[in-house]
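Chains as they are written, first to last, in this note's numbering: chain D, 1112 to 1627; chain Z, 321 to 642; chain G, 5 to 327; chain L, 8 to 333. Cβ atoms here follow ideal geometry from the backbone N, Cα and C, with glycine treated the same way. Just so it is clear, the structure is predicted and the values come from calculations on it, not from any experiment. Here the structure comes first, spelled out in structure tokens, and everything after it is commentary.
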Ligand SMILES: Nc1ncnc2c1ncn2[C@@H]1O[C@H](COP(=O)(O)OP(=O)(O)OP(=O)(O)O)[C@@H](O)[C@H]1O
Ligand SMILES: Nc1ncnc2c1ncn2[C@@H]1O[C@H](COP(=O)(O)OP(=O)(O)OP(=O)(O)O)[C@@H](O)[C@H]1O
Ligand SMILES: [Mg+2]
Ligand SMILES: [Mg+2]
């Protein structure tokens, strides 16, 4: 191809005090291509996107747009230059309704509506306040808003990370078409499936430096991983669980027994057990009641019916502290919900230690230090910027949220999508950690939006659809198509093609009620 | 007026939480009770400005009181409200300060004279020369600027007296004390202190920092009056500024309601000066001293021709119907 | 409809409270009439402008502690300029004072943006500065005002086509208030600038990323606040005929009314109508307390208790709504 | 600029980084600069007596600013401290006339605890904005004080000798108030840095939802916090009445805004999550020195206030500039 690049950045550097987020990054995007930007957590992908779109100023570097040097100092300027980002965090104004958000960015409404429909959200009320809209939908709205102004370069920072499979699929489709129509897309994701299905080329960042640009061809994954991780250990597949592990002896009574749990209209009649020494996966499309299930088990919300038993004794949680006292810890998917961003890694990890009234007194600093350090080591948290958690990259922040409960030695951990937006290396570590916990007799309830993780980590899979528990699989039967079908509310064994099941809610009423 | 020929009197005051004003309100209540002519007092008493006082006056008009006794936030600022009150057939009496509304009756402490009297005495004590520490009230308050006129008049008569330092105490005890202590720390020589009613803390400051006790002129607040007799070596004078003027205002309003209009619209109650340098003054101080009163309360709790309540009544601070 | 109620529920509730209070007032004082309502409108005027000034910055996620001082400064400036001057001169003074408020407000915003000192501190510092400036303009209450300006807020206007009985209930002060606020607020609310105000109040980061010029918007918010405070200062001079350099009790009152009016102190939520209705409620409560001849010391307790109770009630229903 | 090699960091940058890591140093420097200016304007003023006086007046301010620091760490503010201090001072001075001092003390602290409790419940349980909540209780408190005042007009007031000794006394050049203040300050600093309660204050101010998920019960912390704040304010009131020796109904009211300013100048963020008490103490000293500085300057009152405002703004801005990274 002889076309000149639409966007060409070279030598971009950015320092935060002593931390170099970017050292020498470059990125060149041609018209009509979907260009992957890859790198481990903390490699500087988000930072590069923010610099390209004027959200933060660079310390050094040259950015050419269509061959011209442009000084982009604000997102508004980037927008004028035809660069539109969808950042890693939602950027709709929380207190404005969708319509006002559109007006604010001078986004035409009709194209926006069309894109929203295209992206698989059928019933959006433009008068809804952004704050009341679920995260996944917000991400899609962010994208639709960007698409509606027909940008030359679309920058998507982990766009699909928080999306359930059905929405992610739509996004990929739309992005692909963008590329086909001669525009350019910069696509950040940690999911190789998406990259190989979608992208033409990939730029790989490592520790703030561009370490390679590769064409996406079958089998290139290994190369990318190598570039991303450098000398770091590459992809150690979690070995198939040993027979001993698999055959976790059924304990006399389950660690947690949920009976006919009901939460408002969102969740009804859910029953299952969670045993010591097991990782139980929860699989569901976006908004099927899994949030409520986890929140109820964590004591964040009060169920409106049913019982929860812990170690055989019925419990009623009215505050997370009650769940924590029962040894149940909750790791939310949204890390900004779990972290005190301006405090240190240490304080964040030690936070549960001070929660109870009797622990308000003087802190045993030495003991705390030891506990925290061992948790940090166990999760291999990058502590270069540990003075404030907000300076860690997303993946490392996510590790801190888990480390807290490792340090607190919780017996049961409710992990809600802990690998969202995490690079492959870290993912492996987390899988390993979860298995290890189970090996130590702990129990884990694990919701994930990535189906392939289920096989890697779980012993059993609980499928929720339309607020009801539709099936419980042993992991051996939980291949992706089977899970997918179940997630769409289809009974096991049905042979329908998933692709045509556009509207999951249409099946809500006639979803078969499976007995576990 | 109600069936028994009794009256409802409205009261509007715009400074709350200051001993002088509290005494004024208590005097109003006590006098209303003692007169036996008042069924009900309707008191609007809060911290506010002239616009807020207009609001209160208009509310009192709405409440259909027979007379309004007002301590004006500003002489000119409430003219419109007073005019409306008069039009509505309400007798208006301003106490403590004059007002510009011609239809209103005024019974007032003479603030200019207050300052002049004290300053003149002070400058005499200083031998007509030297440096004076001039501690004013709240910057921008009209009573303060009236007093400033009196002080400046006395200063003009004593060309050899210089103002060493001029500060605004804001009529706040703590601020005044800190200012005095800071001033002492500067080591600036001074020969007298004139203070606008925040006085006992000033004497405290002088005593505590073992500074030479220069003559101090303050008001007739219970604390200061006590100090004038008890603090050894202190020469000073208290200038009366009776808060009981409020009671006098009620009396005047009742007289007018009863048809006994005074000869002129304005009645000035001239201040007196009690010093502890003369026997005569000492006797007056002794007579006036009242350690049982809150140190912020002026000791002149009554004005002979104008108030008829007893000390118990003003201290009880109860109006009719309470 | 449900959108309307969800968004305006608080304001509707306040209106209901206001009506209940009016009925109560009529019961306490059966003779409470149009004149008295006119008095209420005049009493509301300076508070309403102070509250409007506060509302604009609170919506934009800030707070302005200098509102009352700004009112004092603009008031003494107007009063001293018009003192003894001709009636026509006031035609020049009014826009001048408004422009001064706007400029000083913009200065507030500029200082916040440039120094990056928290708004509460900048406006606290400006409170002293403006107060000092007011004292330099007039060291004691005084000055004067053109008669036509005074007349602007007293009495009623005959509105053609309306019977006198209704006319009498439309005091000029109320009209002035409505007109002034409407010509500022309605175009603002409909413009992108208005949206931007809400946006920076709701989430500065998201606003910045949506292309809102955050700094400029913040400066404009404070400038508008200054402008509205200048209206308030003029209202003070119009009702008293003088200028007083000591700020009145408008600062805390404005914050209280903003919150009572359903504007979240964190920013991004609420409107102007709520706070204005809240001002009417608060003033009418004071009228009722005076009419009832309640012990003045108890009045302070009642006013504080009402404030706390209403806000607690609001907090309580939002809590219920969330569950 | 674009070179990323290891170039020696210029001295200015190094100095700035040094100061940024130790935010107290620039504050102390600002304080010293003010003192030097004062000494230049009035040679000889900075003497033992002046220092003692400054400390005496800075202490009550510093304690109240401590209340603000702690509440501000959680994203709150306590505007009722002035009223609470005034109430306990006034009640102490009037009750001690007829009661045993210990009984008077308990009576004086009662409204403090009560107001703190109400504040805490309002903010912690009902989620009322702290500004409004504390403003409301302070109005109510003032009203109650006025009503109370009427019942004690006749009995007069007395300042207990011990309080006067504590408030105004000086031993070997050191104000006696330090005997109260130093342990108190040490306790606050320790609480904030090394106790679970202190940690929770920071964490709540930073991200309340995160603390909830970690098992923290917001209302407990907030109630304890506002009660603590009120009790501290009550103690300040007693100290202050010993210093001023004149009970009035607005005694400590003028300290409220300066206490907020002192905390902010000292580097505590009003948005919560950041700050500390040592900075606040220096902030209080800076404000006290500034007040003296302006008192001795010969200029119209208006100009004095303008200068005060500008200096507060300048000091805060300069401090932020120095401490901020980049
Ligand atoms: N505001 C900040 N202050 C200090 N350091 C920062 C800041 N923002 C980012 N960093 C650092 O810059 C580096 C790059 O961060 P960035 O968010 O760009 O990573 P990323 O590649 O997007 O990672 P992830 O995949 O986890 O999102 C990280 O080491 C992070 O700690
Ligand atoms: N990376 C960022 N993250 C969050 N907020 C930011 C970021 N960068 C800037 N801001 C906020 O946005 C404001 C700057 O936005 P604004 O759009 O007003 O700048 P600008 O108009 O482009 O500036 P200039 O006038 O210098 O061109 C800053 O004050 C800051 O509060
Ligand atoms: Mg990222
Ligand atoms: Mg990141």
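Could you check if residue i belongs to the surroundings of ligand 1, using beta carbon to heavy atom distance under 8 Å?
i: residue 1127 of chain D; result: yes
i: residue 1130 of chain D; result: yes
i: residue 1533 of chain D; result: yes
i: residue 1503 of chain D; result: yes
i: residue 1528 of chain D; result: no
i: residue 1151 of chain D; result: yes
i: residue 1147 of chain D; result: no
i: residue 1124 of chain D; result: no
i: residue 1571 of chain D; result: no
Let me make sure I understand the geometry here. Which of the options has the alpha-carbon closest to that of residue i?
i: residue 317 of chain L; options: L:305, L:294, L:119; result: L:294
i: residue 258 of chain L; options: L:306, L:149, L:55, L:181; result: L:149
i: residue 266 of chain L; options: L:280, L:236, L:250; result: L:236
i: residue 153 of chain G; options: G:91, G:227, G:178, G:303; result: G:91
i: residue 114 of chain L; options: L:142, L:91, L:308; result: L:91
i: residue 240 of chain G; options: G:39, G:170, G:253; result: G:253
In the DSSP assignment, find the unbroken alpha helix (DSSP H) run with residue i in it and report its ends.
i: residue 101 of chain L; result: 88 to 102
i: residue 302 of chain L; result: 284 to 303
i: residue 294 of chain G; result: 277 to 295
i: residue 455 of chain Z; result: Residue 455 of chain Z -> not in any alpha helix (DSSP H); beta strand (DSSP E) instead, spanning 450 to 456.
i: residue 233 of chain L; result: 225 to 251
Taking the C-alpha atoms as reference points, what is the distance between residue i and residue j?
i: residue 191 of chain L; j: residue 1399 of chain D; result: 54 Å
i: residue 313 of chain G; j: residue 1147 of chain D; result: 56 Å
i: residue 296 of chain L; j: residue 181 of chain L; result: 17 Å
i: residue 144 of chain G; j: residue 289 of chain G; result: 31 Å
i: residue 1354 of chain D; j: residue 1586 of chain D; result: Bear in mind that a pLDDT of 42 at residue 1354 of chain D, under 50, signals an unreliable position, so the number given afterwards is only what the model happens to contain. Looking at the two C-alpha atoms, the distance is approximately 13 Å.
i: residue 1190 of chain D; j: residue 1167 of chain D; result: 14 Å
i: residue 1298 of chain D; j: residue 231 of chain L; result: 49 Å
i: residue 1390 of chain D; j: residue 1561 of chain D; result: 16 Å
i: residue 182 of chain G; j: residue 43 of chain G; result: 16 Å
i: residue 286 of chain G; j: residue 261 of chain G; result: 8 Å
i: residue 145 of chain L; j: residue 373 of chain Z; result: 22 Å
Along the chain, where does the beta strand (DSSP E) that runs through residue i open and close?
i: residue 1370 of chain D; result: 1367 to 1374
i: residue 590 of chain Z; result: Careful: residue 590 of chain Z lies outside any beta strand (DSSP E) and carries neither H nor E.
i: residue 1571 of chain D; result: 1571 to 1576
i: residue 1281 of chain D; result: Premise fails: residue 1281 of chain D lies in the alpha helix (DSSP H), 1276 to 1291, not in any beta strand (DSSP E).
Flag residue i as yes if its beta-carbon sits less than 9 Å from any beta-carbon of chain G, otherwise no.
i: residue 338 of chain Z; result: no
i: residue 80 of chain L; result: no
Check whether chain Z comes within 9 Å of residue i, counting only Cβ atoms and requiring the distance to be less than that.
i: residue 153 of chain L; result: yes
Any C-beta of chain C sitting closer than 9 Å to the C-beta of residue i?
i: residue 135 of chain G; result: Within the model displayed, chain C is absent; protein chains D, Z, G and L are what it includes.
Measure from the C-beta of residue i to each C-beta in chain D and report whether the shortest distance is under 9 Å.
i: residue 215 of chain G; result: yes
i: residue 200 of chain G; result: yes
i: residue 18 of chain L; result: no
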